[in-house]
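Top to bottom, those sequences are chains A and B. Its first residue numbered 486, the first sequence is counted upward by one per residue in the numbering used here. Its first residue numbered 486, the second sequence is counted upward by one per residue in the numbering used here. Note that the Cβ used here is the ideal one computed from N, Cα and C, for glycine as well. The structure presented is a predicted model; accordingly, all values stated were derived computationally and were not measured. Taking it in order: structure first as structure tokens, then the write-up.
Number of protein chains: 2
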Amino acid sequence: MRAEAGSLTARGERTRSRLLEAGEEVFGRRGYHDASIAQITNSAGVAQGTFYLYFDSKRDLMRAVVAERGHELRANLAHATAAVVGRIPKEEAGFAAFFEWMARHRALCRILRNSEYVDSDLYRDWYRQLANGYAHALRTAIDDGEISEVDDVETLAYALMGIGDFVAMRWLIFEDRPTVPPRAVATISQLVDRALRTQTPPRRRDRWATRPRVGGAPAAGSDSGGQALGV
Amino acid sequence: MRAEAGSLTARGERTRSRLLEAGEEVFGRRGYHDASIAQITNSAGVAQGTFYLYFDSKRDLMRAVVAERGHELRANLAHATAAVVGRIPKEEAGFAAFFEWMARHRALCRILRNSEYVDSDLYRDWYRQLANGYAHALRTAIDDGEISEVDDVETLAYALMGIGDFVAMRWLIFEDRPTVPPRAVATISQLVDRALRTQTPPRRRDRWATRPRVGGAPAAGSDSGGQALGV
DNA sequence: TGCTAACATGAATCCTGAATCAGTTTCCAC
DNA sequence: GTGGAAACTGATTCAGGATTCATGTTAGCA
Chain A
486 MRAEAGSLTA
496 RGERTRSRLL
506 EAGEEVFGRR
516 GYHDASIAQI
526 TNSAGVAQGT
536 FYLYFDSKRD
546 LMRAVVAERG
556 HELRANLAHA
566 TAAVVGRIPK
576 EEAGFAAFFE
586 WMARHRALCR
596 ILRNSEYVDS
606 DLYRDWYRQL
616 ANGYAHALRT
626 AIDDGEISEV
636 DDVETLAYAL
646 MGIGDFVAMR
656 WLIFEDRPTV
666 PPRAVATISQ
676 LVDRALRTQT
686 PPRRRDRWAT
696 RPRVGGAPAA
706 GSDSGGQALG
716 V
Chain B
486 MRAEAGSLTA
496 RGERTRSRLL
506 EAGEEVFGRR
516 GYHDASIAQI
526 TNSAGVAQGT
536 FYLYFDSKRD
546 LMRAVVAERG
556 HELRANLAHA
566 TAAVVGRIPK
576 EEAGFAAFFE
586 WMARHRALCR
596 ILRNSEYVDS
606 DLYRDWYRQL
616 ANGYAHALRT
626 AIDDGEISEV
636 DDVETLAYAL
646 MGIGDFVAMR
656 WLIFEDRPTV
666 PPRAVATISQ
676 LVDRALRTQT
686 PPRRRDRWAT
696 RPRVGGAPAA
706 GSDSGGQALG
716 V
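Structure below.
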């Protein structure tokens, strides 16, 4: 990077941010390879040369776009689920927040799939970061007796991410709808509820027995930030 | 296409098939855009010019690779689940067959994600074709009382495809394992079983009431070819 | 007002690789 | 064994686009 994001004047910051946005838009519309620097700088309203004051290369911009939006998404999910009590309600809030965010960033959905060959770590890290936090949160919920035990929580995390990803893709990308329809969201709720809810819900005492608590309240946010869809 | 697959001599057929395989391999390794015709013809053991006797363009080869393998996969899944009785066992057989096939075609997994910008219909149709058959099979199973009702079967189909896709990606692509580990497969079985199995399994009579049958046997294959993971 | 560093410009450079084409080789029907 | 069709060859053409660079502009401070 020619100019670090931190060491820029307000003017420079504005230009960099315009280039990021233009990159997200053009990469999303044309794909990484068919997007030209000329289109991106044009969309950002700057000259070609200006691009290289802020990014080393086209690939560098791609990395920056994905990293930036990844942070945003994770922060968003953390925020949306933090105040929600109980793993299953957290899941529902998480899916809803995920769909909403994806609807506002449809370009990113497509960019991401394209990113595997631009920089293979970009693509992997996006999902690994989500999955790590997600798996931890699910493990905790299982230990608390909130949801059913499974052989491998990481697989569970990937399965849930896969559900979110594919359903978002179906409606937001394939159909180009502005939102995921309530019907689809409801279906996911049904599925997640059936798949995760412990078969014998009234045996709550096991939970308190396993992890004694003081107040008896479910201690919202105990999983360090409301992990849902990984955060 | 310069030379239709049908109107070729045995020699031509062999060359075309070598190009298809080389394409799958090189596209998978380097990605569509970074794969050059030279690499593909080199890998196939023919000269550059030969390529254009069989395919109109690089894009045309990509389309052919995806279409060819798509047919293979669907046939494979149909075959793997045809003889299995009951929707949930069919699901398990379907996931197993899917993972096995994907393990043998890891390149395709990556190619597919890349294909969205090569030819947007390629990518969509791959999943739409799978989802259509899958949704029908699930609808039938619901009507038969074999699995729980959901708001929208198509969403259910996409959710299940998402699970398969992401778990395959996790192990076969991210970790480059030769197979999806049994642990992960077992986890999916647990999930699918919990999510789909009717809550009150012993009330079988509802089923016979809804769709009276003669012999009483579950009529394996009644869903026209054993749809699992869409076929 | 004048000075300097940061910011901006866009035409020119340079490389890559898809697609072509003029010619060569293989195959097989007669 | 010969004619012609099918298959094959690979050097060449050509367009597109990432990156560079020589030069111009702005903003803020003394």
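Asked: Member of A529(A), R589(A) and F584(A) whose CA lies at the smallest distance from the CA of I648(A); Found: F584(A)
Asked: Straight-line Cα distance separating L623(B) from R679(A); Found: 17 angstroms
Asked: Range of the contiguous alpha helix (DSSP H) that encloses I673(B); Found: P667 to L681
Asked: First through last residue of the alpha helix (DSSP H) which encompasses E717(B); Found: This structure gives no information on residue 717(B), because the portion of chain B shown stretches from 486 to 716.
Asked: Within-7 angstroms CB hit, Q675(A) to chain B; Found: yes
Asked: Exposed unless 16 or more other CB atoms sit within 10 angstroms - verdict on T494(B); Found: exposed
Asked: G534(A) burial status per 10 Å Cβ neighbour count (16 or more: buried); Found: exposed
Asked: Cα-Cα separation between Y561(A) and A653(A), rounded to whole angstroms; Found: A small fix is needed here, since residue 561(A) is Asn in this sequence, not Tyr. About 17 angstroms.
Asked: Min CB distance H518(A) to chain B below 7 angstroms; Found: yes
Asked: Beta-carbon neighbours of A644(B), restricted to chain A and to distances below 7 angstroms; Found: I648, F651, V652, I673 and L676
Asked: Bridge partners - I632(B), DSSP secondary structure assignment; Found: R682(B)
Asked: Within 7 angstroms of chain B by C-beta, residues of the stretch 615 to 645 of chain A in sequence order; Found: S633, V635, D636, D637, T640, L641, Y643 and A644
Asked: As assigned by DSSP and simplified to three states, the class of S492(A); Found: coil
Asked: Proximity to T640(A) [Cα-Cα], best of A626(B), L657(B) and A565(B); Found: L657(B)
Asked: Residue environment, T500(A), which counts as buried when at least 16 other CB atoms sit within 10 Å; Found: buried
Asked: Within chain A, the residues that E601(B) reaches when beta carbons sit closer than 8 angstroms; Found: G516, R595, R598 and N599
Asked: Residue from N599(A), F651(A) and T566(A) whose Cα sits closest to the Cα of D519(A); Found: N599(A)
Asked: D661(A) beta carbon less than 7 angstroms from that of A671(B); Found: no
Asked: Close-in-space but distant-in-sequence residues of the same chain around D691(B) (CB under 6 angstroms, 5 per side omitted); Found: For D691(B), the predicted structure reports a pLDDT of 46, less than 50, and the residue's modelled location is therefore unreliable. A value from the coordinates is still provided. G630.
Asked: Reference V511(A); option with closest CA among A620(A), G571(A), H590(A) and A582(A); Found: H590(A)
Asked: Straight-line gap, T566(B) to A552(B) (C-alpha atoms, nearest Å); Found: 22 angstroms
Asked: Exposed unless 16 or more other CB atoms sit within 10 angstroms - verdict on D606(A); Found: exposed
Asked: Proximity to G618(A) [Cα-Cα], best of D545(A), R668(A) and A642(A); Found: A642(A)
Asked: Short CB-CB distance (under 7 angstroms) between A582(B) and chain A; Found: no
Asked: Short CB-CB distance (under 7 angstroms) between R655(A) and chain B; Found: yes
Asked: Short Cβ contact (7 angstroms threshold) for F536(A) with T526(A); Found: yes
Asked: N- and C-terminal bounds of the alpha helix (DSSP H) containing I573(A); Found: R572 to R589
Asked: is_contact[A680(A), chain B] using C-beta, thresh 7 angstroms; Found: yes
Asked: Min CB distance R548(A) to chain B below 7 angstroms; Found: no
Asked: Chain-ordered chain B contacts of F540(A) [CB-CB under 9 angstroms]; Found: Those within 9 angstroms of F540(A) in chain B number zero; the least Cβ separation is about 20 angstroms.
Asked: Other residues of its chain near R595(B): CB distance less than 7 angstroms, five sequence neighbours each side excluded; Found: G513 and I658
Asked: Chain A contact residues for R554(B), given Cβ-Cβ distances below 8 angstroms; Found: Going along chain A, no residue has its Cβ under 8 angstroms from R554(B), so there is no contact; the nearest lies around 18 angstroms.
Asked: F548(B) versus Q614(B) - alpha carbon distance; Found: Checking the sequence, you will find Arg at residue 548(B) rather than Phe. Cα-Cα distance, rounded: 15 angstroms.
Asked: Short CB-CB distance (under 7 angstroms) between A588(A) and chain B; Found: no
Asked: Best match in A616(A), V677(A) and R682(A) for proximity to E577(A) [C-alpha to C-alpha]; Found: V677(A)
Asked: Under 8 angstroms by beta carbon: chain A residues contacting R668(B); Found: D636, D637 and T640
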